[in-house]
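Below you'll find the structure, written out as structure tokens, and then a few comments.
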Amino acid sequence: MRRRDFIGSAAFAASATAPIEAALVTHEDGPHLGAYIEALAQTPEIGAVSLCDPSGKTEGAVRKGLGARLTGSYRDTAALFKARKPALALITMEGKLSPPAIAAALEAGCHVMAEKPACVRAEDFAPLAAKAEAGRRNLMLALANRTDPVMAEARRLVQSGRIGKVYGMDLYTIADQTRLTRPAYHQSWTAQRARAGGGHLIWLGIHWLDLAMFITGSPITQVAGFTGNVGGQPIDTEDSAAIALRFANGTFGNLTSGYYLDRGKHLSIKVWGSLGWLEIRPGTNNPMEWQSGKEPVERFTPPPGGAPLYTKFVQHAARAAAGLEAPILTPAESLRVLRVVFAGYRAAETGMTQRVEG
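Using this note's numbering, the first residue of the sequence shown is number 304, and each one after it goes up by one.
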């Protein structure tokens with residue numbers, strides 16, 4: 304289904320100024336929960352929020368952050384969707400627990416924004432994407448970097464041909480090894496493959512894999528590479544991945560995804576083309592520069608300020624659910640990047656190049 308075919312409900316398409324109701328489905332240790340509470344509080348298109356937390360342990364924080372916007376708290380999705388009719392469900396849960404919650408929200412007629420990984424196998428997400436498309440509902444993984452104006456400008460430049468035919472990409476997403484040394488992390492769901500689906504690649508590398516396809520406009524079709532625990536911490540998820548990529552348009556690429564630093568992050572994307580190159584360095588004073596032919600190097604710096612990316616993504620999800628703008632990510636695209644991640648895991652386990660389904 305093409306992105307422009309996704310629309311909000313008829314009521315909101317007809318009355319674009321009416322605020323929608325949202326559901327927040329989570330649990331204790333729900334990923335990025337604090338950021339989502341802040342985002343829901345700062346989204347003018349959302350007028351009310353219902354909470355679903357089986358543990359009941361997040362209600363205090365949610366109520367403190369949302370105030371009067373929190374209209375009810377429930378212990379299971381059946382009770383929430385029986386009592387309320389939200390237009391948007393924001394689901395932030397561990398990977399193993401996410402699919403049933405996503406299915407319940409879609410069956411209730413909600414558009415869905417789901418924190419990644421949203422599953423521990425791509426096969427568990429595929430029927431959810433199909434259900435969303437059949438019901439003309441949005442289902443977006445929380446790949447918030449798509450709302451970064453630097454990434455949007457990179458996409459425009461590359462797809463308009465400014466650097467010519469794309470030959471290759473170098474992708475680096477490096478975070479801190481320090482977090483892996485903490486006993487609390489060793490016990491968390493993110494350190495257990497059966498609950499998280501994987502480690503750094505599915506948690507952070509997934510963003511850069513998605514951006515590679517977003518910027519080039521070409522899906523990844525084949526994957527080869529390695530994953531492992533190079534730091535030796537007592538976890539059964541990978542802290543390092545080196546992945547080679549083939550795109551449908553003939554481009555080659557590589558991704559280095561790992562927990563290597565003592566603190567902070569190292570993030571970069573470089574795109575090589577027949578007429579020049581483009582380089583992105585998020586979080587620096589020079590976030591993007593490019594060169595086309597023999598022209599001087601050009602730079603792009605977004606306006607200062609602005610909301611955090613997760614706030615911008617929630618605001619976008621709300622506007623998409625209300626029919627005010629087209630979703631930046633389709634169910635098929637969400638499924639595609641998950642299939643790329645799990646193809647990477649299969650390639651590492653088998654030592655063989657893997658084709659990406661779909």
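The C-beta atom is built at its ideal place from N, Cα and C for all residues, glycine as well.
Item                                                                                                                                                                           : Value
Can you tell me which residues form a DSSP beta bridge with Ala478?                                                                                                            : Tyr562
Could you check the C-alpha separation between Glu362 and Val415 for me, to the nearest Å?                                                                                     : 21 Å
Tell me whether Glu456 counts as near the ligand NAD, meaning its Cβ is closer than 7 Å to at least one heavy atom of that ligand.                                             : Among the components of this structure there are no ligands whatsoever, and the ligand NAD is therefore not found.
Using the Cβ count rule (16 or more neighbours within 10 Å means buried), how would you classify Lys419?                                                                       : buried
Looking only at its own chain, which residues have a Cβ that is under 6 Å from the Cβ of Gln345, when we skip the five neighbours before and after it?                         : Thr614
Look at the alpha carbon of Ala392 and the alpha carbon of Gln594, and state the distance between them as a whole number of angstroms.                                         : 42 Å
Would you say Gly502 and Asp542 are within 8 Å of each other, going by their C-beta atoms?                                                                                     : yes
Just to confirm the assignment, what range does the beta strand (DSSP E) spanning Ala447 have?                                                                                 : Note, Ala447: premise wrong, no beta strand (DSSP E); not H, not E.
When DSSP builds the beta bridges, which residues end up paired with Ser353?                                                                                                   : Ala326, Gly375
In chain order, what residues of the same chain lie with their CB nearer than 8 Å to the CB of Ala635, ignoring the 5 residues before and after it?                            : Met304, Ala432, Glu436, Gly661
State the Cα-Cα distance for the pair Ala321 and Pro347, rounded to the nearest angstrom.                                                                                      : 10 Å
Which class does Ser595 belong to by DSSP, given the choice of helix, strand or coil?                                                                                          : strand
Quick one: measure Cβ to Cβ for Ser560 and Trp511, integer angstroms, because I've assumed they're closer than 8 Å.                                                            : 7 Å
Leaving aside the five residues before and after Ala457 along the sequence, list all residues of the same chain whose C-beta is less than 7 Å from its C-beta, in chain order. : Ile518, Leu581, Ile583, Met591
Any idea if Ser463 is buried or exposed, counting beta-carbon neighbours within 10 angstroms, 16 or more meaning buried?                                                       : exposed
Counting only the same chain and skipping the five closest in sequence on each side, list residues whose C-beta sits under 8 Å from that of Gly596.                            : Leu578, Gly579
Secondary structure at Met454, three-state DSSP: helix, strand or coil?                                                                                                        : helix
Taking the beta strand (DSSP E) that Ile572 belongs to, which residues open and close that run?                                                                                : 569 to 576
Short of 6 Å in beta carbon distance, which residues of its chain neighbour Ser521, apart from the five on each side in sequence? Order them along the chain.                  : Phe550, Ala551, Asn552
Write down the C-beta distance between Thr380 and Cys355 rounded to the nearest angstrom, noting that I regard them as a contact closer than 8 Å.                              : 5 Å
Between Lys434 and Leu400, how many whole angstroms is the CB-CB distance? I'm expecting something under 8 Å.                                                                  : Lys434 to Leu400, Cβ: 18 Å. No contact.
Between which two residues does the beta strand (DSSP E) carrying Arg256 extend?                                                                                               : Since the displayed the chain opens at 304 and closes at 661, residue 256 lies outside it and no answer follows.
So does the stretch 480 to 488 actually touch the stretch 601 to 619, counting three or more Cβ pairs closer than 8 Å?                                                         : no
Skipping 5 residues on each side, what residues in its chain have a beta carbon closer than 8 Å to that of Arg566?                                                             : Asp479, Thr481
Helix, strand or coil: which one does DSSP assign to Ser358?                                                                                                                   : coil
Find the nearest neighbour of Gly609 within the set Ile505, Val453, Glu324, judged by alpha-carbon distance.                                                                   : Val453
Classify Ala316 as buried or exposed, calling it buried when 16 or more other Cβ atoms lie within 10 Å of its own Cβ.                                                          : Residue placement at Ala316 is flagged as unreliable, the pLDDT there being 41, under the threshold of 50; the coordinate-derived value follows with that caveat. Classification for Ala316: exposed.
Please check if any C-beta of chain E sits within less than 8 Å of the C-beta of Ala447.                                                                                       : Among the chains in the structure shown there is no chain E, since it carries only a single protein chain.
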